[in-house]
Amino acid sequence: MERTKIILKSGKDEAVLRQHPWVFSGAIKKIYGDPAEGDVVDVYNNKDQYLGCGHWQEGSIAVRIFSFEPIEPNYEFWKMRLTNAFQLRTSLGLTQNKKTNVYRLVFAEGDYLPGLVIDIYKGAAVIQAHSIGMYLQRHDFSKALQEIYGDQLHTVYSKSKETLPRNSAFEVENEFLFGNQSSEVVIENGNQFEVNWVNGQKTGFFIDQRFNRELVGEYSKDRKVLNTFCYTGGFSVYALQQGASEVHSVDSSAKAIDLTNANVALNGYNDQQHQAFAEDTMTYLQHCETPYDLIILDPPAYAKHIDVRHKAVQGYKRLNATAFQKIAPGGILFTFSCSQVVDRRLFEHTVASAAIQSGRKIRILHHLSQPADHPVSIYHPEGEYLKGLVVYVE
Ligand code: SAH
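For the sequence shown, the numbering used here assigns the number 584 to the initial residue and increments by one for each residue that follows.
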């Protein structure tokens, strides 16, 4: 069957020529064919120059390009892409690591596979598709993963029900593609965490905070630490491991608090060193009495869409300003945003205006981001979604 041909409007080819992998629906001049969601389409400029091929989807991003050369996306092609991703993780020291066996194998555009995320939890791979085109390839990905990892792999789980576009006509269920294990105790920098990809949020664990958790550990000795939006208690465990005098964890989800308590116990710490509270972070911050020496703010993405960016920025400002009031003199704040539409400049401005509001003397110690298993194509800066600051509060 002939592939659909998409022609871009004059001047709308610049980003794609620079290897930016998104074609917005507004950039399209003409469509030769009647593509269904997930179909592979070819993209040309209006001088009939070939630009790339990608998956078609209804919505503002109409095509996600996975190759800037004309190719046939068969099994061998997908396996080559996964093998390249595996080789990068091997060169990062992640695929045979005695202290860390949880990492991101595929980070969408950063691995030239827009719409696809694959996380590795020891012997399990969790596939999360954000586009129908990638979802339709899940059996090929599962087969390729089994060939790449051999007997190191016992499970492949497909978890795309929550991430595929809501308006899609596809009936999607989460399912095991290979094996049937739903959880695993993994290690990250020597700390243990129970990860359940069937019941957990996203693919089960926030792998993107690995380096930042280590840094929290380095600042934790003899400090009283508050870890808000704690989810599985990642930051709490690292703080305890590095000798925090006391750690408090807060999350509005009771399930997250159970996970945090379980992970704290798994690593051998007790109730005297750690307490967890199922509460809204703002309410907790407003009511806590004694100040903390180190506070972590790692909220969920406040802005999932550009239309709500302004409201999200106000939310970040309020949260940070409240935290600044609760930090002891000489204290440290780790503050994050994982909203893709709030870029680093805007986020840092927002923290600065919260600082001004608090009236305290505040200095930046570190600018934080995501680790190397979340690579960012230099032509797709939107891939840098995690932004963080470490600040010193006098
Ligand atoms: N810091 C975590 C990841 C945070 S994910 C880690 O390192 O793994 C965001 C978490 O915020 C979720 O667990 C969610 O339940 C929680 N959350 C969302 N809204 C909240 C609120 N208003 N107050 C407290 N927790 C909240």
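Just so you know, even glycine gets a beta-carbon here, dropped at the ideal spot from N, CA and C.
Reference Asn782; option with closest CA among Gln824, Gln775 and Lys744: If you number the sequence shown from 1, residue 782 lands on position 199. For the residues Gln824, Gln775 and Lys744, the minimum Cα distance to Asn782 belongs to Lys744.
task: Go through its chain and collect everything with a Cβ distance to Ser714's Cβ below 6 Å, but skip five positions before and after it.
output: Residue mapping note: residue 714 aligns to position 131 of the sequence shown, counting from 1. Excluding residues within five positions, the ones whose Cβ falls inside 6 Å are His638, Gln640, Arg647 and Gly698.
message: Which residue wins for smallest C-alpha separation from Ser819, given the options Ser835, Gly800, Ile731 and Ser836?
response: For the purposes of this step, residue 819 is taken as the residue at position 236 of the sequence shown. Measuring from the Cα of Ser819, the nearest candidate turns out to be Gly800.
message: Here's a check: name, in chain order, each residue in its chain whose Cβ is nearer than 6 Å to the Cβ of Arg806, leaving out the five neighbours to either side.
response: Numbered from its first residue, the sequence shown carries residue 806 at position 223. When the five nearest sequence neighbours on each side are left out, the beta carbons in the same chain lying within less than 6 Å of the beta carbon of Arg806 are those of Ala827, Asp876 and Leu877, in order along the chain.
- request: State buried or exposed for His957, treating a residue as buried only when at least 16 other CB atoms are found within 10 Å of its CB.
  value: On the sequence shown, residue 957 is found 374 positions in, with the first residue counted as 1. It counts as buried.
task: Output the boundary residues of the beta strand (DSSP E) element that contains Ser766.
output: One-based indexing of the sequence shown puts residue 766 at position 183. Taken as a continuous stretch (DSSP letters only), the beta strand (DSSP E) holding Ser766 covers Ser766 to Glu771.
- request: Go ahead and label Arg672 buried or exposed: buried means 16 or more other beta carbons lie within 10 angstroms of its beta carbon, across all protein chains shown.
  value: One-based indexing of the sequence shown puts residue 672 at position 89. So Arg672 ends up on the buried side.
- prompt: Sorted by chain position, which residues of the same chain lie with C-beta nearer than 6 Å to Tyr852's C-beta, five sequence neighbours on each side aside?
  reply: By 1-based counting over the sequence shown, the position of residue 852 is 269. Leu823.
- prompt: Got a sec? Which residues, its chain only, sit under 7 Å from Trp605 by beta carbon, not counting five neighbours each side?
  reply: Sequence index remark: in the sequence shown, residue 605 carries index 22 (1-based). Excluding sequence neighbours, Trp605 sits near Ile644 and Arg647.
message: Distance check for Gly816 and Gln856, CA to CA, integer angstroms please.
response: For the purposes of this step, residue 856 is taken as the residue at position 273 of the sequence shown. For the purposes of this step, residue 816 is taken as the residue at position 233 of the sequence shown. Going from the Cα of Gln856 to the Cα of Gly816 covers about 14 Å.
field: Beta-carbon gap between Asn680 and Lys705 smaller than 8 Å
entry: Here residue 680 refers to the residue found at position 97 of the sequence shown. Here residue 705 refers to the residue found at position 122 of the sequence shown. No, these two residues do not count as a Cβ contact at 8 Å.
- prompt: Just reading off the alpha helix (DSSP H) that Thr866 is part of, what are its end residues?
  reply: Locating residue 866 in the sequence shown gives position 283, where the first residue counts as 1. Looking at the DSSP string, the run of the alpha helix (DSSP H) that includes Thr866 is Thr864 to His870.
field: Sequence-distant residues of its chain with Cβ nearer than 6 Å to Gln953 (five each side left out)
entry: As a working mapping, residue 953 is identified with position 370 in the sequence shown. Closer than 6 Å at the Cβ level, and outside the excluded window around Gln953, lie Asp791 and Leu969.
query: Any heavy atom of the ligand SAH closer than 7 Å to the Cβ of Asp956?
result: Residue 956 sits at position 373 when you count from the first residue of the sequence shown. Result no, Cβ not under 7 Å from the ligand SAH.
message: Can you find the residues in the same chain that come closer than 7 Å, C-beta to C-beta, to Ser765, ignoring five residues on each side of it along the sequence?
response: Counted from its first residue, the sequence shown places residue 765 at position 182. Correct list, in chain order: Asn779, Trp780 and Val781.
task: Using the Cα positions of Arg927 and Ala861, report the straight-line distance between them to the nearest angstrom.
output: Along the sequence shown, read from residue 1 onward, the residue named residue 927 stands at position 344. Along the sequence shown, read from residue 1 onward, the residue named residue 861 stands at position 278. Arg927 and Ala861 have their C-alpha atoms roughly 30 Å apart.
- prompt: Among Glu777, Phe660 and His870, which one has its Cα closest to the Cα of Gln908?
  reply: Residue 908 sits at position 325 when you count from the first residue of the sequence shown. The candidate whose alpha carbon is nearest that of Gln908 is His870.
task: Would you check if the region 732-744 and the region 759-775 touch, i.e. whether three or more CB-CB distances between them fall below 8 Å?
output: yes
message: Per the DSSP calculation, His1016 is bridged to which residue(s)?
response: The question about residue 1016 has no answer, for the chain in this structure spans 584 to 977.
- request: Please report how far the alpha carbon of Asp702 lies from the alpha carbon of Phe789, in whole angstroms.
  value: By one-based count along the sequence shown, residue 702 stands at place 119. By one-based count along the sequence shown, residue 789 stands at place 206. Between Asp702 and Phe789, the C-alpha separation is close to 10 Å.
field: the ligand SAH heavy atom lying under 7 Å from the CB of Cys813
entry: Working through the sequence shown from its first residue, we reach residue 813 at position 230. Cys813: yes, Cβ under 7 Å from the ligand SAH.
message: Just to check my reading of the structure: Ile589 and Val623 have Cβ atoms closer than 8 Å, yes? What is that Cβ distance to the nearest angstrom?
response: Taking the sequence shown and counting its residues from 1, one reaches residue 589 at position 6. Taking the sequence shown and counting its residues from 1, one reaches residue 623 at position 40. Between Ile589 and Val623, the beta carbon gap of about 11 Å keeps them out of contact (Cβ cut-off 8 Å).
- prompt: Leaving out the 5 sequence neighbours to the left and right, which residues in its chain are closer than 7 Å to Thr666 when beta-carbon positions are compared?
  reply: Within the sequence shown, residue 666 is the residue found at index 83, counting from 1. Around Thr666: Ile731.
Assumed close pair Thr918, Leu880 - CB separation to whole angstroms, cut-off 8 Å: The residue given as residue 918 occupies position 335 in the sequence shown. The residue given as residue 880 occupies position 297 in the sequence shown. Contact holds; Cβ gap of about 5 Å.
message: Spatial neighbours of Trp661 within its chain, please: C-beta separation below 8 Å, excluding the five flanking residues on both sides.
response: Position 78 of the sequence shown, counted from the start, is the residue given in the question as residue 661. Excluding sequence neighbours, Trp661 sits near Gln720, Asp723, Phe724 and Ala727.
Pair within 8 Å by beta-carbon distance, Leu696 and Phe669: Here residue 696 corresponds to residue number 113 of the sequence shown, with the count starting at 1. Here residue 669 corresponds to residue number 86 of the sequence shown, with the count starting at 1. No. Outside cutoff.
message: Could you check if Thr678 belongs to the surroundings of the ligand SAH, using beta carbon to heavy atom distance under 7 Å?
response: As a first step, residue 678 is located in the sequence shown; it is residue number 95 there, counting from the start. Answer for Thr678: no, Cβ out of range of the ligand SAH.
query: Do you know offhand how far Phe776's Cα is from Lys592's?
result: In the sequence shown, counting from the first residue as 1, residue 776 sits at position 193. In the sequence shown, counting from the first residue as 1, residue 592 sits at position 9. Their Cα atoms are separated by approximately 50 Å.
query: In terms of alpha-carbon separation, which member of Ala848, Leu849, Asn850 and Val924 lies closest to Ala884?
result: Position 301 of the sequence shown, counted from the first residue, corresponds to residue 884. Looking at the Cα atoms, Val924 is the closest of the given residues.
task: May I have the straight-line CA-CA distance separating Pro618 from Glu754, to the nearest angstrom?
output: As a working mapping, residue 618 is identified with position 35 in the sequence shown. As a working mapping, residue 754 is identified with position 171 in the sequence shown. Counting only the Cα atoms, Glu754 lies some 19 Å from Pro618.
- prompt: Roughly how many angstroms separate the alpha carbons of Gly693 and Ala712, rounded to a whole number?
  reply: Position 110 of the sequence shown holds residue 693. Position 129 of the sequence shown holds residue 712. Rounded to whole angstroms, Gly693 to Ala712 spans 14 Å at the Cα level.
message: For the beta strand (DSSP E) containing Ala911, name the first residue and the last one.
response: Sequence index remark: in the sequence shown, residue 911 carries index 328 (1-based). In the DSSP assignment, Ala911 falls within the unbroken beta strand (DSSP E) covering Ile910 to Ser920.
- prompt: Checking contacts by CB at 8 Å: is Val925 closer than that to chain C?
  reply: Of the chains in the structure shown, none is chain C; there is only one protein chain.
- prompt: Could you give the distance in angstroms between the alpha-carbon of Ser751 and the alpha-carbon of Gly621?
  reply: Numbered from its first residue, the sequence shown carries residue 751 at position 168. Numbered from its first residue, the sequence shown carries residue 621 at position 38. Going from the Cα of Ser751 to the Cα of Gly621 covers about 10 Å.
- request: Run the proximity test for Ala839: is its beta-carbon closer than 7 Å to any non-hydrogen atom belonging to the ligand SAH?
  value: Here the question's residue 839 lines up with position 256 in the sequence shown. Distances from the CB of Ala839 to the heavy atoms of the ligand SAH include at least one below 7 Å.
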